[in-house]
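Some notes on the structure that comes next.
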Amino acid sequence: MLWSPQLCQILRSEEGGGQTMDQLLAVVAKEDRERVRTELQQSQLSGQAGRIRHRLRLKDGDECFVDHRCFTSYDNKGRPLYSIGTLQECPGVQSTKGERFEPIQTDRLTCLPNRAATDIYISELIRDVISGVSKNTRITVTCLDIDHFQEINDTFGIANGNRLLVWIARHLRDQITPEDWLARLESDSFVIIQTDGIQSTQDAIQHGKRLQKGLRLTSRSLEKLPSIHLSACIGISTWPGITTADDDPIQSARTALAAAQRRGPGKVQVYSESLSATIREALDLEQKLSTAIERNELELHYQLQFDQRGSLMGAEALLRWDRHGEAFIPCKRFIPVAEQSGLIEDIGSWALKNAVQQFAEWQRNNINIPKLSINVSAEQLNPDAEPLDELITEICHLEGLSPSRIELELTETALLKNPHDAAIRLQRLQKLGVCLWVDDFGTGFSNLKSLQRLPLKGFKIDKSFVRDMEQDPNDYSIVRATTQLAHGLGLKSLAEGVESIQQLQQLKRLGCDGFQGFLLAKPKNAEEMARELNDTISHAKRLCMADEPERVEPARSRTNQSKP
């Protein structure tokens, strides 16, 4: 051990080398000695900065109280490198009450402080800043949550998951200073509180990214867990920041963390008032959506689909939310909320049942629509969700309808979120005769090898590419490549969002098999669609069979122009 001159002065010891831990413990009051030894050992095992208040009995007979802090640093393989300790005298202290965290304030697995201890710590920190006791006036809170930790538990077992959490706690401690606060809030969520070294929001973001990078790089050296590639989402808040001084910086950081998780794995988000408003709006929307089915606010509209000759291919069921006189709420706004809140399973089942019932009623009334397409969420493919094949079998049996008349549309994200389970469920649907389309193709990041294994009928080209294909050569190329890819795999292609005769003719020339959009047929409720079906089909046939106008090539962008 190396003792500083200041420590030698506190211990009434001469300066010089050769000091040992036994010499230090010998100065600690006998009644406190075992507690100090245990605290130092726990600090070394966990990587967490230890803290204990205890008595010293000095050579001259004096007794004093000290705040004893300690921290051990480790290399990437978990081996201890060195320990640092500090002793600070506490003048006027007459008892050891509150000398260390009570067990109820300590996380047993990682030996880190828990949420209860952290709440006390942040309250004292803010109080010291407000009263002027603390020289630091900025508090930065970083909440970190491990991505897909439940999957790690499921794959490697809870024991290895716990071992990983202990390693993460140690690793995070090694990435911050002994003065920084590190705690485990719950499960795989950790919080870091800093009062020094973070001067700006940009500093906090860069620090968060360094923590993420450290997790990714050093997790590769973990023994017995060789296939784990760790990533984490991070939420950051500062106090006082752009919000009021009364706001809870930990809750603000957790709000930012929730927003980061909505964006996907490995994201960093800083708290802001607008973000808080967005979260509150989503919660309000979730509350209203939870009663939408009971209040009969959800309804289905139907949009027809046509082939190159204008023949009717089928119809797509589109979900609408009408809040009885209030502003119309678009799907892109409420479907993500339904998925994040878990409401999508009930809403998806409602849409499926009602769409099939309506389709069967049309058939009974001799309204002949060849196929009905229904959208399915990624959450409906989860292993713990109601099996779609059983649900469709039950509904079709009750309605006297063949499942082969039903088509399901799933986004790339839904198919690739858990491709193994998705493939199993989709193969069961294929056995029923249900056809499957990849919706909004091109907007995600497809693993074509995985898609090739799935029992698909075709790709639906997203309307964002169709809309600008006449002006944007990149969108034109994507539409052309998607159509060629579909045909190369023996699949169909169907373009959404067709709104002009020029788009229609251009898509026909590219070999697209089907079309859907306002040009041919607008979405209508069941009654309107049935009443106007024949007129709509005639209108679409005239457009599809019309003579083609002279071809107009899309304008070339500057980045694609040839060099002179």
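Counting along the sequence shown from 1, when you hit position 181 you're at 191 in the numbering used here, and nothing is skipped either side. From the three backbone atoms N, C-alpha and C, an ideal C-beta is built for every residue, glycine too.
From this set, the options, which residue's C-alpha is nearest residue i's C-alpha?
| i | options | result |
| --- | --- | --- |
| Ile140 | Leu240, Trp249 and Leu182 | Trp249 |
| Lys551 | Asn378, Leu529, Cys406 and Lys534 | Leu529 |
| Thr493 | Val448, Gly527 and Ala536 | Val448 |
| Thr30 | Leu12, Val38, Cys18 and Thr150 | Leu12 |
| Leu225 | Arg180, Pro15 and Gly524 | Arg180 |
| Glu506 | Gly500, Ala287 and Lys532 | Lys532 |
| Arg438 | Glu400, Ile405 and Trp331 | Glu400 |
| Arg79 | Lys69, Arg67, Thr96 and His64 | Thr96 |
| Ala327 | Arg305, Ala365, Ala302 and Arg343 | Ala365 |
| Leu192 | Ala169, Asp117 and Arg541 | Asp117 |
| Ala302 | Thr265, Ile354, Ala269 and Arg319 | Ile354 |
| Leu510 | Glu480, His430 and Gly443 | The residue you asked about is not Leu; residue 510 is Ser in the sequence shown. Nearest option by C-alpha distance: Glu480. |
| Gln318 | Gln516, Thr82 and Ile203 | Gln516 |
| Tyr131 | Phe159, Asp190, Arg65 and Lys69 | Asp190 |
| Ala348 | Leu293, Ile215, Arg541 and His497 | Leu293 |
Can you give me the C-alpha to C-alpha distance between residue i and residue j, rounded to a whole angstrom?
| i | j | result |
| --- | --- | --- |
| Ser199 | Val278 | 14 Å |
| Gln513 | Arg477 | 8 Å |
| Asp129 | Arg61 | 17 Å |
| Glu307 | Arg173 | 48 Å |
| Cys406 | Leu499 | 30 Å |
| Ile382 | Gln315 | Here residue 382 turns out to be Leu, not Ile, going by the sequence shown. Approximately 10 Å between the Cα atoms of the pair. |
| Lys363 | Lys441 | 20 Å |
| Gly527 | Phe451 | 16 Å |
| Gln209 | Leu520 | 56 Å |
| Ala556 | Lys518 | 12 Å |
| Leu553 | Ile547 | 10 Å |
| Leu504 | Lys470 | 5 Å |
| Leu240 | Ile156 | 7 Å |
Could you give the DSSP three-state label for residue i: helix, strand or coil?
| i | result |
| --- | --- |
| Ile384 | strand |
| Tyr486 | helix |
| His158 | coil |
| Thr106 | For Thr106, the predicted structure reports a pLDDT of 37, less than 50, and the residue's modelled location is therefore unreliable. The matter cannot be settled from this model. |
| Ser548 | helix |
| Cys121 | coil |
| Glu371 | helix |
| Tyr312 | strand |
| Arg568 | Note on Arg568: pLDDT 35, under 50, position unreliable in the model; the coordinate value appears next. In the structure shown, Arg568 sits in a helix (DSSP, three-state: H, G or I). |
| Asp356 | helix |
| Met323 | strand |
When we look at the beta-carbon of residue i and count the other beta-carbons within 10 Å, is it buried (16 or more) or exposed?
| i | result |
| --- | --- |
| Lys467 | buried |
| Gly410 | exposed |
| Ile94 | exposed |
| Gly274 | exposed |
| Ile357 | buried |
| Pro380 | exposed |
| Gly524 | buried |
| Ser387 | buried |
| Ser262 | buried |
| Cys153 | buried |
| Lys502 | buried |
| His217 | buried |
| Gln297 | exposed |
| Pro123 | buried |
| His82 | Note that residue 82 is Thr in the sequence shown, not His. Flag for Thr82 reads buried. |
| Asn385 | buried |
Return no unless some Cβ of chain C is closer than 8 Å to the Cβ of residue i.
| i | result |
| --- | --- |
| Cys153 | Reference to chain C is not applicable here, since this structure consists of a single protein chain. |
Return the bridge partner residues of residue i from the DSSP annotation.
| i | result |
| --- | --- |
| His64 | Val76 |
| Pro250 | In the DSSP output, where bridge partners are listed per residue, Pro250 has none listed. |
| Gly95 | Cys80 |
| Arg272 | DSSP lists no partner for Arg272. |
| Glu49 | Answer is none; Glu49 lacks a bridge partner. |
| His334 | In the DSSP output, where bridge partners are listed per residue, His334 has none listed. |
| Lys502 | Gly468 |
| Cys625 | Only positions 11 to 574 of the chain appear in this structure, which leaves residue 625 out of reach. |
Would you check whether the ligand SAM has a heavy atom nearer than 7 Å to the C-beta of residue i?
| i | result |
| --- | --- |
| Ile186 | The ligand SAM is absent from the structure shown, which contains no ligands of any kind. |
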